[in-house]
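All residue numbers in the sequence shown are consecutive under my numbering, ending with 101.
Think of the CB as a built atom: it goes at the ideal place given N, C-alpha and C, for glycine as much as any other residue.
Note that this is a predicted model, so its numbers are computed, not measured.
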Amino acid sequence: MIEDMQPSPSGLFRPSAFERDVTERAARRPPWWSDRCQRHRRYAEWVQAEAEGLAAQLDRLDRPDLPGPAGMHLRVLSRLLAADAGWAAAILRAEHDRRAA
1 MIEDMQPSPS
11 GLFRPSAFER
21 DVTERAARRP
31 PWWSDRCQRH
41 RRYAEWVQAE
51 AEGLAAQLDR
61 LDRPDLPGPA
71 GMHLRVLSRL
81 LAADAGWAAA
91 ILRAEHDRRA
101 A
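Following this line, the structure appears as structure tokens:
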């Protein structure tokens, strides 16, 4: 069922990680799991929330006195996370627009 979902553009967020996150919280999959549209929407919501949260944490660590390589890698990762969040937000907007039409 997760085979038809794509990883985020950076590859950091994968459908298998989403499935593991969902199933670790309960003894079985939630009722919405069998609904493809619900599963895709919740995956996009999960990617957006996780990416935005991690990016915010990394952004708080970015300081002018951070050593060169560490700061560079932190900013690259933060940009990747922002792109993943934007990708997920675009999926959610498209779904919202489709339902509103």
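Starting from residue i, follow the alpha helix (DSSP H) in both directions and report where the run begins and ends.
| i | result |
| --- | --- |
| Gly11 | Element bounds for Gly11: n/a, residue is neither H nor E. |
| Arg39 | Arg36 to Leu61 |
Quick one: residues in its chain with C-beta nearer than 7 Å to the C-beta of residue i, no 5 flanking neighbours on either side, listed in chain order?
| i | result |
| --- | --- |
| Gly68 | none |
| His40 | Met5 |
| Ala83 | Pro9 and Ser10 |
| Arg99 | none |
Identify, in the order they occur along the chain, each residue of the same chain with its Cβ nearer than 6 Å to the Cβ of residue i, setting aside the five sequence neighbours on each side.
| i | result |
| --- | --- |
| Glu52 | Ala85 |
| Trp46 | Phe18 |
| Trp32 | Gln38 |
| Ala88 | Ala44, Val47 and Gln48 |
Do residue i and residue j have their C-beta atoms within less than 9 Å of each other?
| i | j | result |
| --- | --- | --- |
| Asp62 | Arg75 | yes |
| Glu95 | Ala44 | yes |
| Ala55 | Ser34 | no |
DSSP on residue i, reduced to helix/strand/coil?
| i | result |
| --- | --- |
| Ala101 | coil |
| Leu92 | helix |
| Arg79 | helix |
| Arg29 | coil |
Taking 9 Å as the CB-CB limit, is residue i close to chain C?
| i | result |
| --- | --- |
| Ala100 | Absence of chain C from the displayed structure is noted, only one protein chain being present. |
Can you name, in chain order, every residue of its own chain whose Cβ lies under 8 Å from the Cβ of residue i, other than the five neighbours on each side?
| i | result |
| --- | --- |
| Leu92 | Arg41, Ala44, Glu45 and Gln48 |
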